[in-house]
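S.K.:
Protein chains: 2
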Amino acid sequence: MSKQEAEERVLAQLADVVGCCSPLAREPLSAEQSGELARVFKAMGDPVRLRLLSLIASHAGGEACVCDLTDVFDLSGPTISHHLKVLREAGLITGERRGTWVYYRVRPELLAQVATVLEPAASDALPVVDA
Amino acid sequence: MSKQEAEERVLAQLADVVGCCSPLAREPLSAEQSGELARVFKAMGDPVRLRLLSLIASHAGGEACVCDLTDVFDLSGPTISHHLKVLREAGLITGERRGTWVYYRVRPELLAQVATVLEPAASDALPVVDA
DNA sequence: CGGCTGTTTCGATGGCTGTCGAGCCAGACC
DNA sequence: GGTCTGGCTCGACAGCCATCGAAACAGCCG
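So the sequence lines, in the order shown, correspond to chains B and F. Numbering follows full-length UniProt numbering, in which position 30 of the first sequence is assigned residue number 30; successive positions increment by one, without gaps. Numbering follows full-length UniProt numbering, in which position 125 of the second sequence is assigned residue number 125; successive positions increment by one, without gaps.
Shown next, in the form of structure tokens:
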């Protein structure tokens, strides 16, 4: 199983667990569910990775080259690569090599799923959103 | 400054940074923003804490006593207490002592804010939500 | 082919963190 | 007041993680 396949499997597994709408506040998460979800949150639980994610997501064309990302931080190349790998293994981004450079783009569907998990808990008791 | 005040300050600071809708995909997060947000995600980046959060959120009346939470896990009391503290310091929950027991409840507004940060990135490129 | 640039992997290291047991504080009850 | 129970703090320890330099790998270009 290649690296790519392994990551695909992670995403599929997570999608299976998260489903389209298993709200955090509707019923307690099982040990397995919380494990899958925690992996995603843990990946986002680092300032550098969060910035990387937003840099990629907000970049023109929806994708960003590693070379664009490295310059933003005072970190070594390997470190950035490490963080990108973590995001990749969490299913949050995908990387594709085109010639010399590697381009990363976000997986919006995963972000949407995570947001869905959070939202019902929010709108349930909070009239602030006032939708 | 008491424990309670300190936590209030954290929440206020976070609300200030996150605002009502600073979308992750609209523009790159600053170092400060990512730091604040990462703290919340890191708090949710643990299976036990995620389950605790969902247990509290989904509990009848919107609040749960520590005694209810301890039994669910094969963990010592201090460990549960530690995780609750992390969630508290991240602004995700609040604890209140009433007589013998301590009750915890979630802060829906923070969850809503976090979800908001995620969502625009999602709906931006994903027709799946089909709203 | 040989070198050059961009990116990743490897190994090591310092710091953070999840976990526990022991002990402490707060209320309740006698 | 004395004691009992629920919950928290403290200190310690093992495992994980962010970071780095060095080295390996992948394409380009001369």
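C-beta atoms are modelled at their ideal positions from N, C-alpha and C, and glycine is treated no differently.
On a Cα-Cα basis, can you pick out the residue from R49(F), R26(F), A112(F) and G91(F) that is closest to V72(F)?
M.R.: It is R49(F) whose Cα lies nearest to the Cα of V72(F).
S.K.: Check whether the stretch 89 to 97 of chain F and the stretch 98 to 107 of chain B are in contact - that is, three or more C-beta pairs closer than 8 Å.
M.R.: No, the stretch 89 to 97 of chain F does not touch the stretch 98 to 107 of chain B.
S.K.: What in chain F is Cβ-close to E27(B), meaning under 9 Å?
M.R.: By Cβ distance, chain F contributes S54 and S58.
S.K.: Does DSSP put A90(B) in a helix, in a strand, or in coil?
M.R.: Coil at A90(B), not helix or strand.
S.K.: With E63(F) as the anchor, note down where its beta strand (DSSP E) starts and where it stops.
M.R.: Per DSSP, E63(F) belongs to the beta strand (DSSP E) from E63 to C65.
S.K.: If I measure Cβ to Cβ from C21(F) and keep anything under 7 Å in the same chain, skipping five residues before and after, which residues do I get?
M.R.: For C21(F), the predicted structure reports a pLDDT of 49, less than 50, and the residue's modelled location is therefore unreliable. The matter cannot be settled from this model.
S.K.: In this structure, how does DSSP classify E96(B) when only helix, strand and coil are distinguished?
M.R.: DSSP places E96(B) in strand when its eight states are reduced to three.
S.K.: Can you give, in chain order, each stretch of the alpha helix (DSSP H) that sits fully within the stretch 41 to 77 of chain F and has at least 4 residues?
M.R.: The qualifying runs are 47 to 58 and 66 to 70.
S.K.: L50(B) CB to nearest chain F CB: under 7 Å?
M.R.: Output row for L50(B): interface = yes.
S.K.: Does the beta carbon of G45(B) come closer than 7 Å to any beta carbon on chain F?
M.R.: Judged by the 7 Å Cβ criterion, G45(B) is in contact with chain F.
S.K.: Check the C-beta distance from R88(B) over to S34(F) and give it rounded, since I have them as a contact under 8 Å.
M.R.: Contact doesn't hold; Cβ gap of about 18 Å is too wide.
S.K.: Which stretch, first to last residue, makes up the beta strand (DSSP E) that contains R105(B)?
M.R.: First-last of the beta strand (DSSP E) with R105(B): W101 to V106.
S.K.: Tell me the DSSP secondary structure of H82(B) in three-state form.
M.R.: Helix at H82(B).
S.K.: Using a beta-carbon distance below 7 Å, is L118(B) in contact with chain F?
M.R.: Closer than 7 Å to some Cβ of chain F, the Cβ of L118(B) qualifies, so yes.
S.K.: Distance, Cα to Cα, E36(B) vs D74(B)?
M.R.: Answer to the nearest angstrom: the Cα atoms are 31 Å apart.
S.K.: Kindly indicate which three-state DSSP category A25(B) falls into: helix, strand or coil?
M.R.: In this structure, A25(B) counts as coil in the three-state DSSP scheme.
S.K.: List the residues of chain B whose Cβ lies closer than 7 Å to the Cβ of V114(F), in chain order.
M.R.: What V114(F) touches in chain B: L118.
S.K.: What does the alpha-carbon distance come out to for the pair A43(B) and C67(F)?
M.R.: Each residue's alpha carbon lies about 31 Å from the other.
S.K.: Name the chain F residues whose beta carbon is nearer than 9 Å to that of A90(B)?
M.R.: Within chain F, no residue comes near A90(B); the closest Cβ sits about 10 Å away, beyond 9 Å.
S.K.: Just to confirm, are V40(F) and V114(F) a CB contact at a threshold of 7 Å?
M.R.: Contact flag set, yes.
S.K.: Put S34(F) into one of helix, strand or coil per three-state DSSP.
M.R.: If DSSP states are grouped into helix, strand and coil, S34(F) belongs with the helices.
S.K.: What is the C-beta distance between Y103(B) and A60(B), in whole angstroms, given that I count them as a contact (C-beta under 8 Å)?
M.R.: No, Y103(B) and A60(B) are not in contact; Cβ-Cβ is about 12 Å, not under 8 Å.
S.K.: At a CB-CB cut-off below 7 Å, which residues of chain F make contact with L37(B)?
M.R.: Simply L50.
S.K.: Report the residue from P28(F), H82(F), R105(F) and L53(F) whose alpha carbon sits nearest the alpha carbon of S30(B).
M.R.: Measuring from the Cα of S30(B), the nearest candidate turns out to be L53(F).
S.K.: Let me know if G91(F) comes out buried or exposed under the rule of 16 or more other beta-carbons within 10 Å of its beta-carbon.
M.R.: It counts as buried.
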